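*Asks:* Chains as they are written, first to last, in this note's numbering: chain A, 1 to 338; chain B, 339 to 629.
Every residue gets a Cβ at the ideal spot worked out from N, C-alpha and C, and that includes glycine.
Since we're looking at a predicted model, the values are computed, not measured.
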Amino acid sequence: MTVRESSLPGQLGQADPRAQGGGVAVPAAPPAARKGRGLGWSGRLEVAILVGPALLVFLAFVIYPVVMAAYYGFFSWQGFGAPTDFVGFRNYLTIIQDPTFLEALGHNATIVVLSLVLQGPIAILVALLLNRKLRGQSLIRVLIFVPYVISEVVVGTGWSLMLQGNGAVNGLLEKVGLGTLTQDWLANPDIAMWTLMAIITWKYIGFAVILFLAGLQGIPEELSEAAAIDGASYWQIQRRITLPLLGPTLRIWAFLSIIGSLQLFDLVYIIWGQYIASTAGTSTMATYLVANGRNSGNYGYGNAVAVVLFVISLVVALVYQRYVLNRDTAGAITGGKK
Amino acid sequence: MTAAPALRPAPSARRPRRTAGPTTNPVPYVVAVVLIGLMLAPVAYIILGGFRTNAQITTDPSGLPAPWNVGNYLDVLTGGIFWNEVLNSLIAALATTVGAVVLGLMASYVLARYTFRGRGALYAIFASGLMFPLTVAITPLYIVIKNLGLMNSLAGVIIPQIAFALPTTIIILVPFLRAIPDEIQEAAFIDGCSRLGFFWRMVVRLSMPGVITVGILAFIASWNSYLLPLFILNDSATFTLPLGVQAFSSQYSVDTAKVLAFTSLSMIPALVFFSLFERRIVGGLTGAVKG
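If you want it as structure tokens, here you go:
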């Protein structure tokens, strides 16, 4: 696939759909060669009509709320009327001194690391094994992908029923003679985090496998053939050729996984509920936000938590992009501010 | 996972490779079967559990239905609550999809094919939306919706969902629209077509693959969305399926079999939708990392 110069920076990969046998043999003409450099009045009107609605909706329901979150975060406010009780950085001080928040932050960090460590190697191994011509190939891919499509609520409801003290998991363990392994999977604070990780792995690993399989498809076969002729073993080829070339895919997957882990909410909230989550040791910043914000009527405080969550995600994203992603795709996350 | 900046339409024509037939090595098949078993077992548990009675579930939590019992499913299907929630979910998902595609296509067209000052900045504004997850904006968003009087209405869920779907939509569609050859546009202009006419007659059709991909992404995101409806919809008549599943499972917490039946029924529309568009969805995701 060709990578084409673009006047708009910041798109991942810059794939050019034109280059895929669309029948246009001309090598990508520079897009700047468009008619009408400066738009006349009618042109400006067209731009306004076409962009206006999208921009309005976007500004009103994405940008404005985000900006207001930063504003409300400086108030002690119960959500009625305009916020008047300005408290400066007091909310933020409370947040960083609240052991419950720090615990939640720690859980998020654990989830980030464990997601990468658990899903990454398993998904790579599975993708390597499946990256060959198989009978029923497309069916295999679809079935692996099923948990990813099912909503978090269904996943959460189903798993919490299975993991109850008298649920199917313990029942199955007793049936196969492993009765000593039965646990209170959800409430035991020593285990709950691992239970959560098992569910997360189950739900999201299909995404990783599919992504890696796509990445593997893009690696020219000639390389491994040449290595095989030179006497390299199968695993040597994977280790020395395939994995390094899969690098860009791995780095993008890791990025998506990290951001998803930092903002994890649905699964925890549904399975553990807002109160049990912290005693079971699975609370996250997002469940803390909802529990201490809206659910306890402290809107100002909840917004401050949102800002903290956002800043942490942003810093992680920028650092990751600066030091890890930059060799693959410059500016994809910041929208082109190279 | 909410962030989806890496999505990209899949290439339709792939270089043909591997002329040999399917491998005879059994290892990949064994791995595939084990993995699929692990992936599907919980889903099977939910579906099969709905066919059991509570007594069966209590005495043997991990057994098969014996005898099979369709009462739970019939109860849910004839109850009305379920269908009402399916309808709400459907309305929300369809409206979100249409809104995101229409607004996104119009904006992408301008960003891709008009030259004007501030175009780069405009693109950057939309792209920055990827950095703002719904979680961060949820409280002020709730207040905005409340002030607009849209609480407990599907519109209160749909409009923000369109707004949050726009960044992905635009980022996927812009390269698509830019790839439409200039020659086609020039030919259309020579034939007397205006820019807007060109948009309606040519662009919409030529960008169909991209439109379908972003449409599916918007639909699934809306169908599964939980946090926003949780804040906006408090009246059970307006519940979408995710809220309904949760409400049902706490209301009938002692009736496990019925909860399982309700849960598996609510899963079916997503699975059907997925199997219909499987190639597009997997293709759209896998196209992400190519190129």
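Could you check which residue in L468(B), L486(B), V439(B), N407(B) has the C-alpha nearest to that of M546(B)?
*Replies:* Here the closest residue by C-alpha is V439(B).
*Asks:* Under the DSSP definition of a beta bridge, which residues are partnered with F346(A)?
*Replies:* The structure shown does not extend to residue 346(A), since chain A is modelled only from 1 through 338, so no value can be given for it.
*Asks:* Which same chain residues, not among the five before or five after I312(A), have their C-beta less than 7 angstroms away from its C-beta?
*Replies:* Closer than 7 angstroms at the Cβ level, and outside the excluded window around I312(A), lie L262.
*Asks:* If the cut is a Cβ gap below 8 angstroms, which residues of chain A does M605(B) touch?
*Replies:* Going along chain A in sequence order, the residues near M605(B) (Cβ under 8 angstroms) are I150, S151, V154.
*Asks:* Which of helix, strand or coil does DSSP assign to V319(A)?
*Replies:* Reduced to three states, the DSSP call for V319(A) is helix.
*Asks:* So, at 8 angstroms on beta carbons, what are the nonlocal neighbours of H410(A) in its own chain, with the 5 sequence-adjacent residues on each side left out?
*Replies:* Given that chain A is displayed from residue 1 to residue 338, the structure contains no residue 410(A) and the question cannot be resolved.
*Asks:* Can you list, in chain order, the residues of its chain whose CB lies under 8 angstroms from that of R34(A), leaving out five sequence neighbours each side?
*Replies:* For R34(A), the pLDDT reaches just 44, beneath the cut-off of 50, and the residue's location in the model is therefore unreliable, although a value from the coordinates is still provided. Contacts found: none.
*Asks:* Can you give me the C-alpha to C-alpha distance between V67(A) and I463(B), rounded to a whole angstrom?
*Replies:* In a straight line, the C-alpha of V67(A) is about 14 angstroms away from that of I463(B).
*Asks:* Need the endpoints of the alpha helix (DSSP H) that K203(A) sits in, please.
*Replies:* Element bounds for K203(A): 192-217.
*Asks:* Using 8 angstroms as the limit for Cβ to Cβ distance, is L161(A) near chain B?
*Replies:* Yes, contact with chain B.
*Asks:* Taking the alpha helix (DSSP H) that G158(A) belongs to, which residues open and close that run?
*Replies:* Per DSSP, G158(A) belongs to the alpha helix (DSSP H) from 152-162.
*Asks:* Nearest CA to the CA of L59(A): which residue from V424(B), G467(B), N562(B), G487(B)?
*Replies:* The option with the nearest alpha carbon to L59(A) is G467(B).
*Asks:* Quick one: what's got a C-beta closer than 7 angstroms to Y204(A)'s C-beta in the same chain, skipping five residues either side?
*Replies:* Same-chain partners within the cutoff: Q119, Y148.
*Asks:* Going by alpha carbons, who is nearest to Y299(A) out of E46(A), P53(A), F86(A)?
*Replies:* Nearest C-alpha to Y299(A): F86(A).
*Asks:* Return the CA-CA distance between T201(A) and T396(B), expressed in angstroms with no decimal places.
*Replies:* Taking the straight line joining both Cα atoms gives about 28 angstroms.
*Asks:* Less than 8 angstroms between C-beta atoms, sequence neighbours within five positions excluded: which residues of the same chain meet that for G535(B)?
*Replies:* A526.
*Asks:* Which whole-angstrom value describes the C-beta separation of T477(B) and N303(A), a residue pair presumed to lie in contact below a C-beta threshold of 8 angstroms?
*Replies:* Confirmed, Cβ separation roughly 5 angstroms.
*Asks:* Assign K272(A) to one of two classes, buried (16 or more other C-beta atoms within 10 Å of its C-beta) or exposed (fewer than that).
*Replies:* The sequence shown places Trp at residue 272(A), not Lys. Its Cβ being crowded by 16 or more others within 10 Å, W272(A) is buried.
*Asks:* Helix, strand or coil for R132(A)? Go by DSSP, reduced to three states.
*Replies:* The answer is coil: DSSP assigns R132(A) none of H, G, I, E or B.
*Asks:* Go ahead and pull the three-state DSSP assignment for F470(B).
*Replies:* Here F470(B) sits in coil by DSSP.
*Asks:* V592(B) lies in the alpha helix (DSSP H); which residues open and close that run?
*Replies:* Neither: V592(B) is in no alpha helix (DSSP H) and is coded neither H nor E.
*Asks:* To the nearest angstrom, how far is it from the Cα of M540(B) to the Cα of V153(A)?
*Replies:* Each residue's Cα considered, the two are about 41 angstroms apart.
*Asks:* Taking just the CA atoms, how far does G73(A) sit from T342(A)?
*Replies:* Within the shown structure, residues of chain A are numbered from 1 to 338, placing residue 342(A) beyond reach of any answer.
*Asks:* How should K596(B) be labelled, buried or exposed, when 16 other C-beta atoms within 10 angstroms of its C-beta is the threshold for buried?
*Replies:* Its Cβ being crowded by 16 or more others within 10 Å, K596(B) is buried.
*Asks:* May I ask which residues mark the beginning and end of the alpha helix (DSSP H) holding N635(B)?
*Replies:* Outside the displayed range of chain B (339 to 629) lies residue 635(B), so it cannot be described from this structure.
*Asks:* For F502(B) and chain A, any beta-carbon pair shorter than 8 angstroms?
*Replies:* Yes - at least one Cβ of chain A is within 8 angstroms of the one on F502(B).
*Asks:* How about S160(A) and A608(B): are their beta carbons less than 8 angstroms apart?
*Replies:* No, Cβ-Cβ distance for S160(A) and A608(B) is not below 8 angstroms.
*Asks:* Look at the alpha carbon of T601(B) and the alpha carbon of A433(B), and state the distance between them as a whole number of angstroms.
*Replies:* Each residue's Cα considered, the two are about 24 angstroms apart.
*Asks:* Within 8 angstroms of any Cβ in chain A, is that where the Cβ of T601(B) sits?
*Replies:* Taking Cβ atoms only, chain A reaches closer than 8 angstroms to T601(B), which makes this a yes.
*Asks:* Work out the CA separation of V592(B) and Q394(B) for me, nearest whole Å.
*Replies:* One C-alpha to the other measures close to 14 angstroms.
*Asks:* Can you pull the chain A neighbours of G442(B), defined as C-beta to C-beta under 9 angstroms?
*Replies:* Within chain A, the residues near G442(B) are A54.
*Asks:* What's the gap between the Cα of G22(A) and the Cα of L309(A)?
*Replies:* Here the model assigns G22(A) a pLDDT of 36, short of 50, so the residue's position is not dependable and the matter cannot be decided.
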